[in-house]
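Enquirer: What follows is a structure written as structure tokens; I'll ask about it next.
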Ligand code: SF4
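Residue numbers (this note's numbering): 98 to 336.
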């Protein structure tokens with residue numbers, strides 16, 4: 098391996114660590130306990146997150162968010178939409194934020210866009226219950242507007258902690274807002290699609306939001322290409 102490659106990998110690693118610590122700090126975590134470096138019996142590195150019970154950790158996180166008023170979106174919500182699905186899923190879908198139906202029911206992707214997402218999940222050979230679905234912001238933006246940077250900044254740490262607990266094999270960002278928030282970028286969706294990115298070392302595929310696909314059905318073929326990439330990554334990560 099060349100020196101440049103090693104330096105790039107090291108810089109990438111430091112950037113991920115910095116970003117991860119920033120997320121923890123935003124979530125109110127100030128102190129980290131030192132974890133053992135090796136599982137001596139098996140001789141492999143220990144992943145502290147893997148030792149946690151994901152259902153229990155998600156339940157704790159949900160409890161922390163109950164009654165949240167960290168940003169102005171709490172004013173208009175009927176229900177906070179935390180996320181749902183398999184806590185041991187290999188695949189997590191992340192959307193922008195709840196709409197009217199989601200706000201009413203407290204569940205993600207249950208309206209027309211949700212029906213299309215169900216079909217997209219089915220198309221890759223899975224059921225909705227097999228995956229985990231959540232959003233960048235957990236409360237509905239008024240008139241379904243795009244969440245503002247301050248709102249994303251207030252809520253993103255909780256999404257990052259969800260992902261840290263879930264440790265999926267693949268993340269699929271649905272739409273521009275989710276992709277930009279997760280990748281901390283302002284790149285357009287045309288550039289974000291078509292290349293596998295990485296978040297916390299997990300492959301991340303960006304695709305169109307199902308609500309956009311309902312308005313622009315001609316883009317479904319492109320979204321299918323993205324889903325095929327998700328399938329490839331899921332297949333490639335199987336032992
Ligand atoms: S959007 Fe997130 S940060 Fe804002 S009030 Fe709702 S749960 Fe809290």
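All C-beta atoms in this analysis are idealised placements derived from N, C-alpha and C, irrespective of residue type, glycine included. A quick note: this is a predicted structure, and the numbers were derived from the prediction, not measured.
Would you mind working out which of 212, 281, 270 and 290 sits nearest residue 192, comparing C-alpha positions?
Expert: The count along the chain shown starts at 1 and reaches residue 192 at position 95. Residue 192 has its Cα closest to that of 270, out of 212, 281, 270 and 290.
Enquirer: If you follow the beta strand (DSSP E) that residue 269 is part of, which residue opens it and which one closes it?
Expert: Locating residue 269 in the chain shown gives position 172, counting from the first residue. Residue range 267–271 is occupied by the beta strand (DSSP E) that includes residue 269.
Enquirer: Is residue 234 near the ligand SF4, in the sense that its beta carbon is under 7 Å from a heavy atom of that ligand?
Expert: Reading the chain shown from its first residue, position 137 is the one you call residue 234. Correct: residue 234 has its Cβ closer than 7 Å to the ligand SF4.
Enquirer: Counting only the same chain and skipping the five closest in sequence on each side, list residues whose C-beta sits under 7 Å from that of residue 244.
Expert: One-based indexing of the chain shown puts residue 244 at position 147. Counting only Cβ-Cβ distances below 7 Å, and skipping sequence neighbours, we find 193, 194, 233, 234, 238 and 274.
Enquirer: Sorry if obvious, but does the Cβ on residue 306 come closer than 7 Å to a heavy atom of the ligand SF4?
Expert: By 1-based counting over the chain shown, the position of residue 306 is 209. It does not: the Cβ of residue 306 is nowhere closer than 7 Å to a heavy atom of the ligand SF4.
Enquirer: On the DSSP bridge list, what partners appear for residue 188?
Expert: Stepping through the chain shown from its first residue, residue 188 is reached at position 91. BP columns for residue 188 point to 267.
Enquirer: Any chance the CB of residue 231 is under 7 Å from a heavy atom of the ligand SF4?
Expert: Against the chain shown, residue 231 aligns to sequence position 134. Result no, Cβ not under 7 Å from the ligand SF4.
Enquirer: Report the rounded CA-to-CA distance for residue 181 versus residue 153, giving the unit in angstroms.
Expert: Here residue 181 corresponds to residue number 84 of the chain shown, with the count starting at 1. Here residue 153 corresponds to residue number 56 of the chain shown, with the count starting at 1. Cα to Cα, residue 181 sits roughly 13 Å from residue 153.
Enquirer: Return the CA-CA distance between residue 288 and residue 281, expressed in angstroms with no decimal places.
Expert: To locate residue 288, count along the chain shown from 1; it is residue 191. To locate residue 281, count along the chain shown from 1; it is residue 184. If I take the Cα positions, the gap works out to 14 Å.
Enquirer: Should residue 314 be labelled buried (16 or more other beta-carbon atoms within 10 Å of its own) or exposed?
Expert: Along the chain shown, one-based indexing puts residue 314 at 217. By the neighbour-count criterion, in which a residue is buried when 16 or more other Cβ atoms sit within 10 angstroms of its Cβ, residue 314 is exposed.
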